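Going down the list, the protein sequences come from chains Z and E. For the first sequence, UniProt numbering assigns the number 1 to the initial residue and increments by one for each residue that follows. For the second sequence, UniProt numbering assigns the number 1 to the initial residue and increments by one for each residue that follows. The beta-carbon is built from N, C-alpha and C at its ideal position, and this holds for glycine as well. Keep in mind that this is a model prediction, so the values were computed, not measured.
2 protein chains.
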Amino acid sequence: MMIHKFVMPEVIFGNHSIHQVGESCLRLGATNVFIVSDPGVMEAGWLEVVIKSCKQAGLKYSTFYDVTVNPKDKEVENGAAMYIDNECDAIIGIGGGSSIDVAKAIAILVANGGHIHDYEGVDKIQKPLPPQVMVPTTAGSGSEVSQFSIILDTKGQKKMTIVSKSLVPDIAIVDPETLTTKNAHLTASTGLDVLSHGIEAYVSLASTPLTDVQAKNAITLVAQYLRPSVASKLNMEAKTNMAMASLQAGLSFSNAILGAVHAMSHAIGGRFPVHHGDVNSVLLPHVMEYNLIANPKKFADIASFLGIDTRGLTYMEAGKKAIDYVKELAIDIGAPQKLSEMGIEKETIQEMSQIALNDACMITNPRDITIEDIEELFRKAW
Amino acid sequence: MMIHKFVMPEVIFGNHSIHQVGESCLRLGATNVFIVSDPGVMEAGWLEVVIKSCKQAGLKYSTFYDVTVNPKDKEVENGAAMYIDNECDAIIGIGGGSSIDVAKAIAILVANGGHIHDYEGVDKIQKPLPPQVMVPTTAGSGSEVSQFSIILDTKGQKKMTIVSKSLVPDIAIVDPETLTTKNAHLTASTGLDVLSHGIEAYVSLASTPLTDVQAKNAITLVAQYLRPSVASKLNMEAKTNMAMASLQAGLSFSNAILGAVHAMSHAIGGRFPVHHGDVNSVLLPHVMEYNLIANPKKFADIASFLGIDTRGLTYMEAGKKAIDYVKELAIDIGAPQKLSEMGIEKETIQEMSQIALNDACMITNPRDITIEDIEELFRKAW
Chain Z
1 MMIHKFVMPE VIFGNHSIHQ VGESCLRLGA TNVFIVSDPG VMEAGWLEVV
51 IKSCKQAGLK YSTFYDVTVN PKDKEVENGA AMYIDNECDA IIGIGGGSSI
101 DVAKAIAILV ANGGHIHDYE GVDKIQKPLP PQVMVPTTAG SGSEVSQFSI
151 ILDTKGQKKM TIVSKSLVPD IAIVDPETLT TKNAHLTAST GLDVLSHGIE
201 AYVSLASTPL TDVQAKNAIT LVAQYLRPSV ASKLNMEAKT NMAMASLQAG
251 LSFSNAILGA VHAMSHAIGG RFPVHHGDVN SVLLPHVMEY NLIANPKKFA
301 DIASFLGIDT RGLTYMEAGK KAIDYVKELA IDIGAPQKLS EMGIEKETIQ
351 EMSQIALNDA CMITNPRDIT IEDIEELFRK AW
Chain E
1 MMIHKFVMPE VIFGNHSIHQ VGESCLRLGA TNVFIVSDPG VMEAGWLEVV
51 IKSCKQAGLK YSTFYDVTVN PKDKEVENGA AMYIDNECDA IIGIGGGSSI
101 DVAKAIAILV ANGGHIHDYE GVDKIQKPLP PQVMVPTTAG SGSEVSQFSI
151 ILDTKGQKKM TIVSKSLVPD IAIVDPETLT TKNAHLTAST GLDVLSHGIE
201 AYVSLASTPL TDVQAKNAIT LVAQYLRPSV ASKLNMEAKT NMAMASLQAG
251 LSFSNAILGA VHAMSHAIGG RFPVHHGDVN SVLLPHVMEY NLIANPKKFA
301 DIASFLGIDT RGLTYMEAGK KAIDYVKELA IDIGAPQKLS EMGIEKETIQ
351 EMSQIALNDA CMITNPRDIT IEDIEELFRK AW
């Protein structure tokens with residue numbers, strides 16, 4: 001038996017929990033916090049809520065919201081310089097995966113120095129990071145609970161995967177109300193990202209009983225609540241359950257790691273300005289088809305988590321139904337069906353495949369894969 | 001919606017993981033560790049394994065193994081004095097719930113001073129505790145992941161419940177091999193304690209979706225693996241799954257708290273030298289009968305987690321089948337059936353009931369309860 005490791009932050013979950021962000025920083029010993037966000041979150045008013053909470057807790061603060069989709073090394077280095085100039089002693093990330101990943105990456109640099117590229121890979125961080133409190137607003141990335149930060153190397157035009165237990169934040173504050181300001185497209189895209197986290201973690205070579213229960217619950221909740229969540233901004237039952245799905249999927253993949261969907265999606269996201277969740281949703285059914293024979297039993301389990309009646313079916317038959325379900329779900333919520341729809345150039349397939357093959361997430365993919373297999377998967381998804 | 005909070009330590013799970021205890025302390029900055037254990041664990045050879053691991057990591061160490069069943073305030077104060085004399089800077093607890101609860105209580109005193117009685121109740125700990133690494137050897141208490149420490153007030157003859165996030169250890173190391181030295185009686189007793197944790201947490205007023213998934217899995221695993229685990233010391237599949245069940249039940253009740261079974265069992269354990277798990281197993285079906293109408297749906301869920309086919313049954317019918325199942329399980333594994341078998345005097349019922357009514361665990365019991373109700377439950381269990 002392998003030795004399993006499982007880490008997670010303290011989690012505060014529920015409506016209005018965002019108002020606890022200041023007090024949470026205070027509890028961690030902060031006096032002067034650095035708040036990382038993005039323009040969309042600022043516009044929706046959530047940054048202001050966080051600032052108010054920090055003020056009420058008597059904290060000094062600085063804000064940095066120059067974060068873009070597929071966030072870049074330069075943003076991290078600018079943020080770190082500002083953190084140091086302003087003598088901050090704790091960090092808040094509020095937003096989607098981009099804001100939170102940048103907040104984590106800034107935490108690395110201010111405590112360890114150097115360039116963010118120095119920390120690419122597993123366990124490269126030596127010194128303890130400042131206190132980190134993360135507030136996700138997308139029910140998607142799971143970064144608020146994970147050991148990961150994904151930052152774009154702008155020169156190399158590829159995404160760097162940084163993995164370390166130090167990147168598990170101290171406190172994750174998950175407030176489903178923050179989801180009410182997301183539009184339908186972003187809800188669909190991030191929700192399918194949650195599904196891809198749950199499915200890749202469940203069949204990952206590094207999955208354990210502890211990660212399996214979280215993945216199972218995440219997949220079950222997505223099947224029940226993603227459609228209604230896309231349908232209505234104000235359906236709080238759906239928002240709450242998607243926030244929980246994202247959290248549980250995050251806990252699962254943080255500890256079980258992911259697979260080919262994410263390895264391939266990181267490659268694409270390193271070169272093209274596309275949304276991570278959109279790419280994942282296109283790739284997911286193709287990778288499931290490829291991986292099915294690696295673990296028919298687990299794919300049959302996924303079918304039952306999705307609500308499919310698998311009685312009388314073989315594992316392979318049930319697994320195929322799970323794949324069909326994922327395709328139908330993407331159609332129902334208006335997600336993209338092909339990579340070509342997103343303006344990704346077909347000529348890059350070979351190069352993308354090579355990058356995907358070397359991505360840290362590929363190591364735990366349940367089926368062995370060659371560069372030719374990846375190229376074939378990309379072609380199918382085009 | 002209530003705001004849910006969930007905390008857990010870093011978990012290292014698997015055969016031979018006990019050898020990582022020294023390295024784990026080192027990673028937390030320890031140089032001189034204080035190891036708390038009990039004579040049974042020492043005799044089984046596990047204390048030696050921990051000492052060897054500490055030596056290999058280059059750590060200084062002191063050992064303290066004067067811990068008894070239902071551990072006492074005096075043991076905590078003696079341990080704390082020795083920790084301070086020896087200038088230790090981290091603490092290891094290895095053993096059942098008693099050793100781990102004493103290790104936590106020593107951590108409180110060495111960092112906060114005073115007497116352990118000062119910390120009874122919720123959130124009374126002010127200063128941060130030294131690094132804590134816990135190694136459970138019983139698949140029972142869940143203390144290695146919980147916010148609880150239960151210490152006997154010897155003068156007042158009652159158990160004090162201390163609850164604080166600071167009591168969640170830094171690292172829990174769960175090695176199923178440590179279960180191979182337990183006899184059948186202790187395996188049965190601690191296994192039924194796990195079941196009572198899972199069931200009380202699942203129906204607790206403070207349960208949340210995050211605690212429910214852990215409770216569900218714990219209950220399912222106990223139903224599958226407790227009988228075989230009692231039957232054979234060397235059935236590693238059963239030991240591994242019971243270790244996982246204990247861990248997940250601990251994660252669940254640490255965050256959802258418990259109910260009347262534990263409130264009543266703490267009262268008994270404060271006065272009589274009986275094993276906590278034995279008392280719980282006698283009380284559990286009676287309390288389930290009492291609580292059934294508070295949440296028929298959740299008791300029906302429990303029936304299905306136990307493997308009962310609930311199709312065509314009402315929630316009440318299914319819940320009653322769950323209660324019957326728990327009674328049969330206790331019989332199958334030779335657990336005690338009545339409190340009178342354990343030498344507990346019937347004259348103490350009234351006094352015990354008053355103490356149980358005031359126990360912190362009673363607050364989250366799903367059905368309102370009066371002192372007369374508790375007396376009646378004790379009489380039924382006699």
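Reduced DSSP secondary structure (H/G/I, E/B, other) of T63/Z
strand
G93/E by DSSP, collapsed to three states: which one?
strand
Assess, as a yes-or-no matter, whether the region 171-189 of chain E is touched by the region 284-300 of chain E under the definition of 3 or more beta carbon pairs within less than 8 angstroms.
no
What residues in its chain sit with their C-beta under 7 angstroms from that of P71/Z, if we drop five residues either side in the sequence?
S98, D101, V102, I151, L152
Can you tell me whether T161/E is helix, strand or coil according to DSSP?
In this structure, T161/E counts as strand in the three-state DSSP scheme.
Unbroken alpha helix (DSSP H) run spanning P228/Z, endpoints:
Run containing P228/Z: 209-231, per the alpha helix (DSSP H) assignment.
Go through its chain and collect everything with a Cβ distance to H117/E's Cβ below 8 angstroms, but skip five positions before and after it.
Closer than 8 angstroms at Cβ, skipping near neighbours: D73, D153, M160.
Reduced DSSP secondary structure (H/G/I, E/B, other) of I173/Z
Note: I173/Z maps to strand in three-state DSSP.
Tell me where the beta strand (DSSP E) around D153/E begins and ends.
148-153
Cβ of V174/E within 8 angstroms of Cβ of F305/E?
No, Cβ-Cβ distance for V174/E and F305/E is not below 8 angstroms.
Strictly below 8 angstroms CB to CB, what residues from chain Z border K5/E?
E10, V11, I12, F13
Please check if any C-beta of chain E sits within less than 8 angstroms of the C-beta of L164/Z.
Going by the sequence as given, residue 164/Z is Ser instead of Leu. Cβ-Cβ to chain E under 8 angstroms: no for S164/Z.
With three or more C-beta pairs closer than 8 angstroms as the rule, is the region 318-337 of chain Z touching the region 360-376 of chain Z?
no
So, using beta-carbon positions, are I18/Z and V135/Z closer together than 8 angstroms?
yes
Looking at the C-beta of M242/Z, does it have a partner C-beta in chain E at a distance below 8 angstroms?
Not a single CB atom of chain E sits nearer than 8 angstroms to the CB of M242/Z.
Tell me, which residues are paired with I18/Z by DSSP?
Answer by DSSP bridge pairing: none, since I18/Z is not bridged.
Quick check: is the beta carbon of S98/Z nearer than 8 angstroms to any beta carbon in chain E?
no
Could you list which residues in chain E have their beta carbon closer than 7 angstroms to that of I217/Z, in chain order?
The sequence as given places Asn at residue 217/Z; Ile does not occur at that position. What N217/Z touches in chain E: V213.
Beta-carbon of P209/Z versus every beta-carbon of chain E: anything under 8 angstroms?
True, the Cβ-Cβ gap to chain E drops below 8 angstroms.
Can you confirm whether the region 225-238 of chain E touches the region 328-340 of chain E when touching is taken to mean that 3 or more C-beta pairs between the two stretches lie within less than 8 angstroms?
yes
For T138/E, which residues from the same chain have a beta carbon less than 6 angstroms from its beta carbon, with the 5 sequence-adjacent residues on both sides left out?
So the list reads G96, T190, once near-sequence residues are dropped.
Spell out whether any CB of chain Z is found under 8 angstroms from the CB atom of M2/E.
yes
For the region 16-38 of chain Z, list every residue whose C-beta sits within 8 angstroms of some C-beta in chain E, in sequence order.
H16, S17, Q20
Hey, how far is the Cα of P176/E from the Cα of T310/Z?
34 angstroms
Are the beta-carbon atoms belonging to V274/E and M352/E less than 8 angstroms from one another?
No, they are not a contact pair.
Under a three-way DSSP split, which group does K182/Z fall into?
coil
Output yes or no for whether 8 angstroms exceeds the beta carbon distance between A303/E and A318/E.
yes
Rounded to a whole number of angstroms, what is the C-alpha to C-alpha distance between L234/E and M42/E?
20 angstroms
For Q126/E, which three-state DSSP category applies?
coil
Would you say V36/E and I91/E are within 8 angstroms of each other, going by their C-beta atoms?
A contact, by the Cβ cut-off of 8 angstroms.
Near P296/Z, which residues of its chain fall below 7 angstroms by C-beta distance, leaving aside the five closest residues on each side in sequence?
Y315, M316, G319
Would S276/E and D193/E be called neighbours here (beta carbons separated by less than 8 angstroms)?
It should be noted that the sequence gives His, not Ser, for residue 276/E. Yes, the pair counts as a contact, with Cβ atoms nearer than the cut-off.
Applying the 10 Å Cβ sphere with the 16-neighbour rule, what's the burial state of E87/E?
exposed
DSSP bridge partner residues for M134/Z (one or two, in chain order):
G93/Z, A172/Z
So I106/Z and G79/Z are in contact, right, with Cβ under 8 angstroms, and what is the actual spacing, rounded?
4 angstroms
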